[in-house]
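The block underneath contains the structure these notes are about, expressed in structure tokens.
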Amino acid sequence: MLDQILCSPRLTVAFQPIVDVSAGRAVAYEVLGRAPANLPSTAGYAPPRPDQLVEMAWKQGRLVELEQAWRSIAIERIARLPDRADAVFFFNLDTRVIEDPCHIPGFTLRALERAGLSPKKIVLELSERDPELGGERIERTAAHYRSQGFRIALDDWGAGFSTLAAIVRCRPEFLKVDRSLIDGISDDTLRRDILQAVLTFCSCQGIHLIAEGVERGSDLATLLDNGVSLAQGYLLGRPAPEPTPPALHVTAVVEWLASRVRRPLRMSPRSIAIKPVTRADAIMQAQPAPSKALPYREFRFRV
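Under this note's numbering, the first residue of the sequence shown carries the number 619, and numbering increases by one thereafter.
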């Protein structure tokens, strides 16, 4: 079945918005690989989930082939977008690829160059759920791609093991906080305190924090109250065949919530004031950080 999937013109990608919740607009998109919805030549075919397809390809020694196929499709789609200039695109990256004998160094960079795109438009996401993430492989992977002009995001932060070690190893420009720490944050003091601590750290290091898995309006309000500017989740926008703006009802909700919090934050005695990121073109303009040092930078976003 893997042969048919990899050869199918129906292999595709989807785009999920990453939203500047202080402005109610999408400033980036995560590009998600998708299996073909159907294979006419395969009886009884049911499309595997992306993670199932990745593991299938890994076990059969074809992970590089799958990653390159998805990457090529994504770059081709992005190059055809009429209004792509203001957006950044996040690609998922399986760190096992870099050690695969079939890995072709520079494949993604050359594909971007052929499409007339800059690596500044691409952020590569490394998932903390990878059991090897705390080791040397993540460091080599981050250094390899950062040397080509890409920026790095640490995905699913807080859901796996060695979370602090992973940050030290890959020195990400973006930290995507896992939904396990975001879902229900409006009702959970401990989650809010953890978020404040992480925000303080990210502010000091010049790291952009992205809250994942936002599905409730009350959680979105709490994120805004606590100075979070970038968020992703089904409430803000589901994966779609083409990049789309946040849902209209979400834009209205964000505008209302933002009007509530455009004031000095009321900080609890246990909290430290955070300088929220409010202008989103820094995602386009910021340069990759050095691999061994991540000095504080003030990012200015243009709404």
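Ideal Cβ placement from N, Cα and C applies to all residues, glycine included.
- Between ASP712 and VAL672, the CB-CB gap stays under 8 Å.
- CYS820 and LEU827 do touch by the CB rule: their CB atoms are close to 5 Å apart, below 8 Å.
- Scanning the stretch 800-843 from its first residue to its last, the whole alpha helix (DSSP H) runs of 4-plus residues come out as 807-823 and 835-843.
- By the criterion of a C-beta distance shorter than 8 Å, GLU717 is surrounded in its chain by ARG755, once the five residues flanking it on both sides are discounted.
- According to the DSSP assignment, LYS794 belongs to the beta strand (DSSP E) that extends over 792-795.
- The stretch 847-860 makes contact with the stretch 631-644: 3 or more CB pairs, one atom from each, lie closer than 8 Å.
- Its Cα nearest to that of LEU772, the residue LEU744 stands out among MET619, LEU782, GLY831 and LEU744.
- About 10 Å separates the beta carbon of LEU854 from that of PRO863, a gap too long to meet the 8 Å contact definition.
- Of THR807, VAL795 and ARG809, the smallest CA-CA separation from ALA829 is found for VAL795.
- The stretch 793-808 and the stretch 829-847 touch, with no fewer than 3 CB-CB distances between them shorter than 8 Å.
- By the neighbour-count definition (other C-beta atoms within 10 Å, threshold 16), PRO654 is a buried residue.
- Secondary structure of GLU648 (DSSP, three-state): strand.
- The beta carbon of ALA729 lies closer than 7 Å to those of ARG689, SER690 and ILE693 in the same chain, with the five residues before and after it left out.
- A straight line joining the alpha-carbon of TRP775 with that of ALA644 spans about 22 Å.
- For LEU730, the enclosing alpha helix (DSSP H) has its first and last residue at 725-733.
- Here the alpha carbons of ALA675 and ARG764 stand approximately 26 Å from one another.
- ILE800 sits away from CYS788, with the two beta carbons spaced by 8 Å or more.
- Counting the other CB atoms within 10 Å of its CB gives THR759 a total of 16 or more, which places it among the buried residues.
- For TRP775, DSSP records a beta bridge to VAL795.
- Here THR630 carries a strand assignment [DSSP, helix/strand/coil].
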